[in-house]
Structures are given as C-alpha cells and as structure tokens.
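Chains as they are written, first to last, in my numbering: chain F, 1 to 341; chain G, 1001 to 1341.
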DNA sequence: CGTTTACGCGACACGTTTTGACGCTTCGAT
DNA sequence: ATCGAAGCGTCAAAACGTGTCGCGTAAACG
C-alpha cells in the first residue's frame, strides 16, 4: 500500500501551492489547499501539503496564523512579488508611468494595491538600468496630465476597501453619508451597491438607497463610514446597465447623440488636430485667410463643449447651429461679465 | 567526489531559474543561466540546469530556440503570468481600470505590454466573481475621462519599441522624421535620445539632433522609421534635467511661478470645488448674491487657463490682474467673433 | 579544410527526499 | 464532557536529483 515516491509533479504542485496562498489579510488553510489542488487533478495527502508548506516557508516569506485551528497560511505583507515569466523592462516602465498617473486618478488606497507590482517594476528597471548604465529611468520619462488641475478629495480611511468589497460580494452597505448641505449633516442609509465610477478627481458609488429603486451616485469622499451588512443586493427592476446610466446624464456626460461638428480653427491648432484628430472621419480644409475649416462627426458631450470653450479664440464653432448658439451665448455672457467688471 | 543528492535548494533554484527566463523575443542559454545562478550563490553543473529546463518545460510553456548552438530558452508569447503571491481581486480591478484608461494615454504598443498582466487580472476577477456571483465586474466599474476628446495619433509600427530600447541602452537613433511642413517631407537625422514625454494624446521623444546641443521634442507619430545605431548618446553639456526642460515651457506647460488666484464662482461649481480643491490652501467664502469667492495659491499654467476658460460663465477671474486681463481679452475677442459672425 | 571548442545529451551510481500510512496529541464545537 | 478535525512525529520503500563521464555534433577558428 505504501507507494512512497518522490515524483515529477512535486515541483508543479508546490508552485501551484504558492499561487494559491493569498497575501496577508486573507489566508487559506491546508485542507482548503488540498481541495484546491485535487480540484486541479493533483491528489495528495493532507500531510504532504503540511510538509510542503513547512518546507516552503523555510526560504519564502510565508507565515501562518495559529489563532484558529485550521491554521491559515499567508504571504507576509512585504513579500516581494515573484512573477514567472519575469516582467520585462518595457512592461515595468509602462507600469511606473501608469502608477504615476494613477495618483490623480485613483484613491490612494486603490493605488497602494499596486505597490508590490511597482516594487517589482522598479527592481526590473534598476536591473535593466544597471546593465545599460541608465539607472534613473523614471527621471527620463514624464507623463503630463491634461485633466483639470484639481486635487482629489480625501476618502475616509477604510471606505474605499469596504465599498469595493461590498460590490464584489454583492452585499448591502450601511453608510454614514455627509449630505450636500453645507453643514455636512450625517445621514445613515442602507444602500445597494451597483457600480463604481471614477471621474478624474472624484470617485462615486452608484447605488440604490433604502427602498427606492432608482440608482443614485454617491461621492465616496462624503462617506463618513461604511460597513458591510449581510443583506444581499437587490438590483433595480429591469436590471441595471451602467452604460445607460452614465449615458443618461448622471455624470454630466449625457450622450446627446452624434453631431456633425464644423469648426474654424487657427493654424497652430489645425496642425495639432491634424495629428490628434477629433474623429476618424475628420476633414481639414485650409481656407484663404490661413485658418482651417474642420468637419468631424463626434458625440455631443459636455466634455466637447469644455474643450471648445477652453480653446478660446483658437476655435470658432460654425455648426451645428444649436452648438454655435450655446458657445456664442456663453461668449457673450462672459464678455459682458468682464466688460461690466 | 560524487555528491549526488536531491536537495532542499532544488525548488528554490528552479524558481529562480524560471524568473531568469525571458519572454519570447528574448532568450537565454543554459550556460548564461548557470552563471546567473552561481552569481546568486547557487553553484550547480550545467548538466543539472539542462535537466531542470527539460523538466520544467514538461508542464510550463517553455520552449527553446535550436537554431543557434547555445540553445536559447524562452517563455512562449502566450505563457500565462504566474504570480506568486497571487494577485488579489482589488489589485486586479485597479489594473483593469488603469488599462482601460491607458488606451487614450499610451501608445497601443506600450499598452500591449500589459497584456499578460491583464489576462491574469481578468482571471483573478473571474475567479472572485464566480465565488461571489458577480461575473462581470468590468461591467460595474467605469472610468470617465476629463481629458480633451482627441484620438491619439497612430505611431508607425516598431517605432515606439525602438525608441524605448534606444533610451534604455543609451544609444543614438537614426530616424526618418516627417517635418512640420504640410507636405510631410521626410528628413533623416541622427538623434541622441534623452527622455520620453507622454502628454495625453501625444507621445514625444526629447533628444538632441545631430551636432546641436539643445534638446528638442519630436512627436513619435511623425517618425517614419527608427533604427538604433551603435553610437552612444552624448548628453548636452551641463547635463540634462527633464524637470527643467518641461518647466521651461517646451510643452505648453511652462511653470510661470505661483499666483494667488482669486475667483468668483457660481454655487454649483463652488460645491464641487469644496470637495476637489484647487490647492491645499484654498479658501471659499460665500457672498451675498449666492456666488462664492475663492482664493488659492496655484501654479500658473496653460492648463489652468484652459480650465478657467472651459468653465465659461461659471467662473470669473478677479485676480491676479494680469490673468484677469488675459481671460477678459479672450472673452471679448470670442464675443466679437461670434457677434460679428 | 582540418582542428578545436563548446554545447547537448544519454548513461550510471548513490544518497537524499518524498510520500502515504499510522498513531498520538491538541484544540474547538456540538 | 465528548467527539472530530487538524497538526505533527515517525517509518520504510521507492523514486528523484546530482555530479561525473563520454560521445556526437555543429559552429568557430586557424
């Protein structure tokens, strides 16, 4: 009966094992791991797994939680990421650049989840740099933002993680929400999380509140606290489609359909637009006075109007007529304000 | 002499080995691997490594190139990423969100380097989703951009990789550059790469051209071709500081010093600014007419002016005086244009 | 064109490791 | 208090891992 044998699968099993052990806050017990492995066709004794874990922890930052009886194994928080196939320098650079950008895009908690990945990336870059003499690659790459120069509001500690988890587990949240009123009165709601929306400086949870069935958006920075309840999320009748919700205008991003945009732009802007175009069907025609006439089919959005207005006199809207009217009115009002002041 | 022994370090060595094998275009030979290992204190015979590789390739997507005699080992292109500590769902979600955003931020080639990482992230999310019943997490998270609605210009195939590599290896590039002139005449230059700058829709290489010593910026989409030369990069006399170069105004981002900004904003905007602030020292004071007076110390940039102008009548610049004059002039000119049209 | 060299690979021998089995111990839960 | 699940020490057989040797081959060099 004793079929004691070292086997060709032992390395494979141990590698799988390592991949099944989570990072610190989570943990997984030996019996769970056994089941996980047998689920993948590797049937071994519990004892073997126990021995594997013991061996592995000799040279890897593995630890176990002995407070509860089926001991839970986990990677220590500072365990370096070992990726296999190793990350290549190009990927590492891309990651560094993205992370830098993430600073203004994502709440710090979300960004901090990337830390192990980033440490690894910097390691890779350092190694590549050493090899090639360029140690400070980050000093040689820069990402310039085109977004509004606003500082993301701080989200109270723990809120983002909790919201993310509730969304993942599809469970209700009990939140203390600071209402729009300036006094910042707190209200306690039970909400049904539906989606997460990130818009440059702000982060929103889309959810239905209490017994209502219409989705609202709640700014995460106004959450004073959030705790997960046991109640399961109730989806709105008819289901919930995030695309529709966003397009519906809840985020100042109503999709008001496509328009045939006609602009007259100055030479400098025309040159830029020739490279970074407004649409695939964009056409540019140089006029006699050196300015350029542009036509393009684009979705009509608030973002488009910001862009046009922000460019000031570099651009003139010729059509469609309603858009021209909007911009013209804005220009007139603006001039009046500054003229009168 | 025969010290034949299976050993505790076997697994460790093989894991290190896996980490030293690159992904497809690159490859590494067994002798190289032996040296790499001995460099880390693991001295083994070449034969052992050969056997290790053979064993590992039995259950991992490893392959070898037998065209040149020291065979080169590599991971196949589609080799899934095995990360150890496994990626957690939060990280996976963050990655997905960032990648979605990267679409407009980075050239497709750069983004494609993230593909293995992303496949892994989706795997993780799928697993987490299965467990919790939420399969389509990406359907529940959206990132809305605040950047100009422009389409990134396509960069000719191979250019980005080559530029990145030249920068990494600090070697000169021979490029065919489409000049700003509308005819798009091609010119061949030898350039000394210094830095890479990404500004929302565009990607630039900062480099000195030929024998000149002043850094210029070259748009990557205007590269017709790029090949790495053997010549080493010559840095400008006095060195090169990317921060200074960017701040110097070469990207429409001159840092013109800090100003004490004074605005009068409408109620809706004031509410938003209360959360996402312009600066840490920003102050808001409600005035009698319901509007709000804002003061903040901010760097004076084109981006700031673009933001102010884009908001139209929602904001009025009170100070500093020169900025108010700029905006007022722009408003007047704009009104005149639309009034006259 | 012959020689050299480095690498790939099959074979061998031997000690270590691996692994299921068994039993005892230790907690936590019903 | 009792039961059961996990942790852990021990054992013995079998397979695995390792250095060594030698041969074949293909590219490099004179």
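Just so you know, even glycine gets a beta-carbon here, dropped at the ideal spot from N, CA and C.
Since this is a predicted model, take the numbers as computed values, not measurements.
### Query
With distances taken from CA atoms, which of F:19, F:230, F:42, F:69 is nearest residue 173 (chain F)?
Nearest to residue 173 (chain F) by C-alpha distance, out of F:19, F:230, F:42, F:69, is F:230.
### Query
Does the separation of the CB atoms of residue 1245 (chain G) and residue 1206 (chain G) fall below 8 Å?
A contact, by the Cβ cut-off of 8 Å.
### Query
Hey, which unbroken runs of the beta strand (DSSP E) at 3 residues or more fall wholly within the region 76-159 of chain F?
Those beta strand (DSSP E) runs which fall completely within the region 76-159 of chain F and span 3+ residues are 82-84, 141-144.
### Query
When the cut-off is 8 Å and only beta carbons count, does residue 1133 (chain G) lie next to chain F?
Its pLDDT being 47, under 50, residue 1133 (chain G) is placed unreliably by the model, and nothing is read from it.
### Query
Tell me the DSSP bridge mates of residue 1219 (chain G)?
Beta-bridge pairing links residue 1219 (chain G) to G:1204.
### Query
Between the C-alpha atoms of residue 149 (chain F) and residue 1278 (chain G), what's the straight-line distance to the nearest angstrom?
Taking the straight line from one Cα to the other gives about 7 Å.
### Cβ-Cβ distance between residue 1192 (chain G) and residue 1234 (chain G) below 8 Å
A contact, by the Cβ cut-off of 8 Å.
### Task
Determine which residues share a DSSP beta bridge with residue 175 (chain F) and list them.
Its beta-bridge partners are F:189, F:226.
#### Entry: Segment contact flag, the region 1161-1173 of chain G with the region 1217-1229 of chain G, C-beta cutoff 8 Å, min 3 pairs
As far as the Cβ criterion goes, the region 1161-1173 of chain G touches the region 1217-1229 of chain G, which means the pair count is three or higher.
### Query
For residue 1330 (chain G), which of helix, strand or coil comes out of DSSP?
DSSP places residue 1330 (chain G) in helix when its eight states are reduced to three.
### Task
Could you name the residues of the same chain whose beta carbon sits closer than 6 Å to that of residue 1338 (chain G), not counting the 5 residues immediately before and after it, in chain order?
Excluding five sequence positions before and after residue 1338 (chain G), none of the CB atoms of its chain fall closer than 6 Å to its own CB.
### Message
Less than 8 Å between CB atoms is the rule here; does residue 1234 (chain G) satisfy it with respect to chain F?
### Response
For residue 1234 (chain G), no CB of chain F lies under 8 Å from its own CB, so it is not counted at the interface with that chain.
### Query
What does residue 164 (chain F) touch in chain G if you count any residue whose Cβ is under 8 Å from its own?
1090, 1093, listed in chain order.
### Task
Quick one: using the 10 Å Cβ neighbour count with 16 as the cut-off for buried, is residue 90 (chain F) buried or exposed?
It is buried - the Cβ of residue 90 (chain F) has at least 16 other Cβ atoms within 10 Å.
### Query
DSSP beta-bridge partners for residue 1072 (chain G)?
Bridge partners of residue 1072 (chain G) according to DSSP: G:1029, G:1065.
### Message
Here's the rule I'm using: 16 or more other beta-carbon atoms within 10 Å means buried, otherwise exposed. How should residue 1058 (chain G) be labelled?
### Response
Exposed, because fewer than 16 other Cβ atoms sit within 10 Å of the Cβ of residue 1058 (chain G).
### Environment of residue 1243 (chain G) [buried if 16+ CB atoms lie within 10 Å]
Exposed.
### Query
Is residue 1180 (chain G) helix, strand or coil by DSSP?
Here residue 1180 (chain G) sits in coil by DSSP.
### Task
Helix, strand or coil for residue 1318 (chain G), going by three-state DSSP, please let me know.
Strand.
### Task
Check the Cβ-Cβ distances between residue 1306 (chain G) and every residue of chain F, and say whether any is below 8 Å.
Yes, its Cβ sits closer than 8 Å to a Cβ of chain F.
### Task
Please confirm if residue 1228 (chain G) has its CB atom under 8 Å from at least one CB of chain F.
With 8 Å as the cut-off, residue 1228 (chain G) does not count as an interface residue toward chain F.
### Task
Would you decide whether residue 26 (chain F) is buried or exposed? Buried here means 16 or more other CB atoms lie within 10 Å of its CB.
The residue is exposed, with fewer than 16 neighbouring Cβ atoms inside 10 Å.
### Query
So, using beta-carbon positions, are residue 44 (chain F) and residue 13 (chain F) closer together than 8 Å?
Their beta carbons are under 8 Å apart, which means residue 44 (chain F) touches residue 13 (chain F) by this criterion.
### Task
Could you tell me whether the Cβ of residue 1066 (chain G) comes closer than 8 Å to any Cβ of chain F?
Residue 1066 (chain G) does not count as touching chain F.
### Closer than 8 Å to chain G by CB, residue 14 (chain F)
Between residue 14 (chain F) and chain G, the shortest Cβ-Cβ separation is below 8 Å.
### Query
Hey, would you say residue 294 (chain F) sits closer than 8 Å to residue 323 (chain F), going by beta carbons?
Contact: no.
### Query
If you measure from the beta carbon of residue 1039 (chain G) to each beta carbon in chain F, is any gap under 8 Å?
Interface flag for residue 1039 (chain G) against chain F is unset, since no Cβ pair is found closer than 8 Å.
### Task
Could you tell me which of F:138, F:86, F:189, F:30 sits nearest to residue 48 (chain F), measuring between CA atoms?
Nearest neighbour of residue 48 (chain F) by Cα position, chosen from F:138, F:86, F:189, F:30, turns out to be F:30.
### Query
So, using beta-carbon positions, are residue 1077 (chain G) and residue 1155 (chain G) closer together than 8 Å?
A distance of 8 Å or more separates the beta carbons of residue 1077 (chain G) and residue 1155 (chain G).
### Query
Beta-carbon of residue 83 (chain F) versus every beta-carbon of chain G: anything under 8 Å?
It does; some Cβ of chain G falls within 8 Å.
#### Entry: Closer than 7 Å at the beta carbon, the chain F residues around residue 1075 (chain G)
Chain F residues near residue 1075 (chain G): 85.
### Task
Use the C-beta contact count for residue 1060 (chain G): other C-beta atoms within 10 angstroms, 16 or more gives buried, fewer gives exposed.
By the neighbour-count criterion, in which 16 or more other beta carbons inside 10 Å mark a residue as buried, residue 1060 (chain G) falls on the buried side.
### Message
Based on DSSP bridge pairs, tell me the residues matched to residue 295 (chain F).
### Response
Within the DSSP secondary-structure output, residue 295 (chain F) pairs in a beta bridge with F:262, F:283.
### Query
Tell me the DSSP bridge mates of residue 198 (chain F)?
DSSP output for residue 198 (chain F) lists F:203, G:1143 as bridge partner(s).
### Task
Spell out whether any CB of chain G is found under 8 Å from the CB atom of residue 200 (chain F).
It does; some Cβ of chain G falls within 8 Å.
### Task
Compute the Euclidean distance between the alpha carbons of residue 327 (chain F) and residue 1308 (chain G), then round it to the nearest angstrom.
Residue 327 (chain F) and residue 1308 (chain G): Cα-Cα distance of roughly 15 Å.
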